[in-house]
Amino acid sequence: MFKIEPDRSQYPAHNPDGSCDIDLSSGKYVKIWHGPNHPGITGNMSLELTICGDEVVEGRTRVGYLHRGFEKLMERRTFIQVFPIVCRVCVPEPDLNEYCYAAAIEELAGIEVPDYANWMRTLILEMGRFNSYMMYLGGQSGSLGMGVIGQWTTYVRDLMLDRFEELTGARVYHMFILPGGVRDVLPDGFAARMEETLKTAERYLDDVDKVMFQNAVFNKRTRGVGYIDPALFDSYGVTGPTARAGGATTDVRRDAPYLKYDELDFEPVTGTDSDIWARADVRRRDTRLSIDLIRQILVKMQKPGEYFAKIPNVLHWKIPYGETYIRGESSRGEYGYYLVTDGTGYPRRINVRGPSYTHAMALLERLIVNTNISDVGALMVSLHTYPPEIER
Amino acid sequence: MKDEKYTPLPRRPIGLDREELKKRTVTAPDGQTFEVDPIRDYYCQDAPKAHQRSYIKIVEDFFNWCRAESLWILGYGTGCGAIEMRPLMTPRFDAYRYGIQWRPTPRQANLLMISGYLSVKTLKRAIRSYEQMQNPKYVVGLGSCTINGGMYWDSYNTIKKLDEYLPVDLYIAGCMPRPEALLAGFEDLKKIIKAGGGEGANKYAENFEWYKANQKSVIKDWDMPDYNW
Amino acid sequence: MRALYDRLKDRFQLGELTRQRPDLGFVTVGRDHLRALLVELKDVEGFTHLVLFTAVDWLEDGQFQLTYLLNNRATAQDLGVRLMIPREGASMDTIHDLWPTAETYQRELYEMFGIDFPGSPRVDEDFILEGWTDLPPNRRDFDTKEYSEATFAERAGRESHDPRDHMKQKLYPDGE
């Protein structure tokens, strides 16, 4: 392990609270906008950077470009009408939203979900996680100039989208998990075609291992960069692969098993270095874990049975007062829905806890100080932020 | 609609009242002082002009053919439709074979894809990006939410009709449109341009006042000049 | 969960414990005891992870409910701390010194609910909305449909239905 620590003594000192006395009129600093219309940004968000030379002295995350007022719109819709909205909260991995919302409703309304539906949900979630990691691997390598890996991973993701299409009829927003169960059973021969896809994916992942993780440029530019102190994990709400790369073993699938994760055999993937390389490495191995889990699920799944529980008439569906919080492990970290009902036919409040909310705001603003401007893109991507879940 | 009891909390100034947009004196590191008026100095205030067609039809047709065969898209994902852009530029669908490619900056692009719903905050950036693009330029609206609001019809933060604010050449319906639909849409756009129908930039220049009035009625925090070169 | 509640109940004058699940409970606390309770939970009881911090608008009672959801990673337990504050002139003490990430939540609540957090850094900056002059949008007396119709141009020919009435007419025409 080698760590690169550039000499940063000549750059401006910071106050204990992390702020920096910057006099923009002195001509020493330049303020630039990194995004929203910028190829090196993850989606439609922006960073307002103050730079001195090529070192960032202050960074501010600006979000809100994707705000649709979902939490307000949900309060205006009946429980079943909310369901097409929730998947749009997070575009690359929409299924976890559907699961969290459905599980929250089922808990408050006291609906028992059939066993087979739970297996189907687990399968869908793992497929979604695989897709999301594929986007990440392409983005992380693309942020360091390796375009070809993005081409491969997007192709593999497309193959998985074919399986999604076969199962749900849609490529991006599947709307498959709804309160009460799932929409359908597995089509005939699905397991065989899935196995074929997974084999192709493994072949491409082997190539990614060689071209990305054994690449000297990738190693030199990511090792020791973007280090997050594990002591900060709790105060900054760091979860998921970002925390696991620093040695923490937080994985909601293991800590508080939901769906059928307690019947699956796996160990959370962890790293040690807590830098960009470690985060990429954890996600690479987590992708393999996802592949393994999909195989396990397809073996352990029973014959198609009941897949949808009886739910009340959706027009008169009133849920008594209650509040709950449902969490799941997304590809970025802990994802959760906080739902409050008040006895009427509409939810009183739904709050989405996206992992990007803590990662991309307070944490990124802290990490970005004193990095080189050429590392900003890679650092941002390594936190795996999806802006829509910050602002909903 | 206002609640009488609610007293607004203090906010930082918005629009042209902002500190960094005020006139100020700057001292350079070498000791020189000079006046800076950001809105006047950093932008050109001239309104856009309509582009003259050429007098001979065959020349204009040749130009249009050239324009149609090199659609360069501004890589600005304004909404969730941006997720289908990635498959579009990778081997599976490979839009590059139709002369379509993605550019990082508006100066090099001539096609603005509004990929999905536009929140008010993004609309402002989309307008700036559009105005910075070179003539001739085209706008394609993606998804139901650009056409009539789609599922965000009652949202307080998304626009419902894109052609009120930007001259749209083509809409591609769907939520969200599949890559195949996008490819078909590009082919249609090419037909429109070849037939001489891609006149969005001229329309924008001719109805400039109307577009600006619409844009300003929605964007409360207007902190840019009327036209961004 | 019950043992924890019994330990803390008298010291912080907690309200009744609602056990939603074996690993999830909600308690109500008074404003005076909130900070002490959060510090105790964080430093002594191991609830170190602030999962989320949000507000619920109870318009009928004229109150905001603030929910601080804390997670104990070691025992995998969640405790939601509820606090009621009046809607008029809503203001609350900041907790950004306990969890730096709370700063973001407080900026959002300031903007979307109009709850003030004196002393929280950059709380009056634009967070999600830009140049918003109306009521804070997540308050329940703000009508998003009315605002949307008044502000944004609509395409002629689009029919918008109230979701509930439309479903009733289309799916269950005979009433039921």
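These protein sequence lines map, in sequence, to chains E, D and L.
Just so it is clear: in the first sequence, position 92 is 92 by the working numbering, and no numbers are missing.
Counting the second sequence from 1 gives a position; the working numbering is that position plus 392.
Counting the third sequence from 1 gives a position; the working numbering is that position plus 621.
Built from N, CA and C at the ideal position, the CB exists for glycine as well.
From a predicted model like this one, the values you see are computed outputs, not experimental measurements.
Within 8 Å (strictly less), CB to CB, does residue i reach chain L?
i              : result
residue 351(E) : yes
residue 546(D) : yes
residue 566(D) : no
residue 274(E) : no
residue 315(E) : yes
residue 1(E)   : The predicted position of residue 1(E) is uncertain, since its pLDDT is 45 and thus under 50; a value taken from the coordinates is nonetheless stated next. Not closer than 8 Å to any Cβ of chain L, the Cβ of residue 1(E) fails to qualify, so no.
residue 235(E) : yes
residue 404(D) : yes
From the DSSP output, which residues share a beta bridge with residue i?
i              : result
residue 327(E) : 336(E)
residue 689(L) : 674(L) and 702(L)
residue 351(E) : 338(E)
residue 631(D) : No information on residue 631(D) is available, as it lies outside the stretch 393 to 621 that chain D covers here.
residue 584(D) : In DSSP, residue 584(D) forms no bridge with anything.
residue 86(E)  : Paired residues: none, contrary to the question.
residue 352(D) : Because chain D spans 393 through 621 in this model, residue 352(D) falls outside it and cannot be assessed.
residue 416(D) : 428(D)
residue 394(E) : No statement about residue 394(E) is possible, as the shown extent of chain E runs from 1 to 392 and does not include it.
residue 649(L) : 703(L)
residue 753(L) : None; residue 753(L) has no bridge partner.
residue 55(E)  : 52(E) and 372(E)
residue 550(D) : 511(D)
residue 712(L) : 737(L)
residue 610(D) : DSSP lists no partner for residue 610(D).
residue 492(D) : 463(D)
residue 177(E) : 182(E)
residue 679(L) : 684(L)
Using a Cβ-Cβ distance under 8 Å, would residue i count as near chain E?
i              : result
residue 749(L) : yes
residue 410(D) : no
residue 401(D) : no
residue 672(L) : yes
residue 538(D) : no
residue 475(D) : yes
residue 653(L) : no
residue 471(D) : yes
residue 394(D) : Confidence is the limiting factor: at residue 394(D) the pLDDT is only 46, short of 50, which leaves the residue's position unreliable and the question unanswerable from this model.
residue 690(L) : yes
residue 628(D) : The requested residue 628(D) does not occur in the structure, where chain D is confined to residues 393 to 621.
What residue from the options has the CA that sits closest to residue i's CA?
i              : options                           : result
residue 51(E)  : 45(E), 44(E) and 60(E)            : 60(E)
residue 69(E)  : 781(L), 664(L) and 758(L)         : 758(L)
residue 118(E) : 258(E), 268(E) and 29(E)          : 258(E)
residue 749(L) : 731(L), 631(L) and 777(L)         : 731(L)
residue 467(D) : 44(E), 276(E), 249(E) and 126(E)  : 44(E)
residue 456(D) : 603(D), 419(D), 591(D) and 609(D) : 591(D)
residue 674(L) : 661(L), 770(L) and 724(L)         : 724(L)
residue 647(L) : 702(L), 630(L) and 760(L)         : 702(L)
residue 780(L) : 545(D), 441(D) and 574(D)         : 545(D)
residue 475(D) : 74(E), 386(E) and 392(E)          : 386(E)
residue 345(E) : 253(E), 321(E) and 297(E)         : 321(E)
If you measure from the beta carbon of residue i to each beta carbon in chain D, is any gap under 8 Å?
i              : result
residue 773(L) : yes
residue 758(L) : yes
residue 69(E)  : yes
residue 765(L) : yes
residue 725(L) : no
residue 199(E) : no
residue 43(E)  : yes
residue 745(L) : yes
residue 701(L) : no
residue 131(E) : no
residue 781(L) : yes
residue 141(E) : no
Counting Cβ pairs, one atom from each stretch, are 3 or more of them under 8 Å apart for the region 153-162 of chain E and the region 475-485 of chain D? Here the region 153-162 of chain E makes contact with the region 475-485 of chain D; the two share three or more CB pairs at distances below 8 Å.
At least 3 beta-carbon pairs within less than 8 Å: the region 301-314 of chain E vs the region 221-234 of chain E: no
The region 185-204 of chain E in contact with the region 485-498 of chain D per 3-pair CB rule at 8 Å: The region 185-204 of chain E is not in contact with the region 485-498 of chain D.
Count the C-beta pairs between the region 171-183 of chain E and the region 408-417 of chain D that are closer than 8 Å, then say yes if the count reaches three, no if not. no
Is there contact between the region 157-166 of chain E and the region 258-267 of chain E, where contact requires at least three CB pairs shorter than 8 Å? no
Touching or not, the region 545-559 of chain D and the region 593-600 of chain D, by the rule of three or more beta carbon pairs under 8 Å? yes
Between the region 127-134 of chain E and the region 77-96 of chain E, do three or more beta carbon pairs fall short of 8 Å? Touching, per the Cβ criterion.
Hey, which unbroken runs of the alpha helix (DSSP H) at 4 residues or more fall wholly within the region 80-161 of chain E? 95-109 and 115-142
Identify every run of the beta strand (DSSP E) within the region 224-264 of chain E, keeping only runs that are complete inside it and at least 3 residues long; order them along the chain. Qualifying beta strand (DSSP E) stretches: none in this window.
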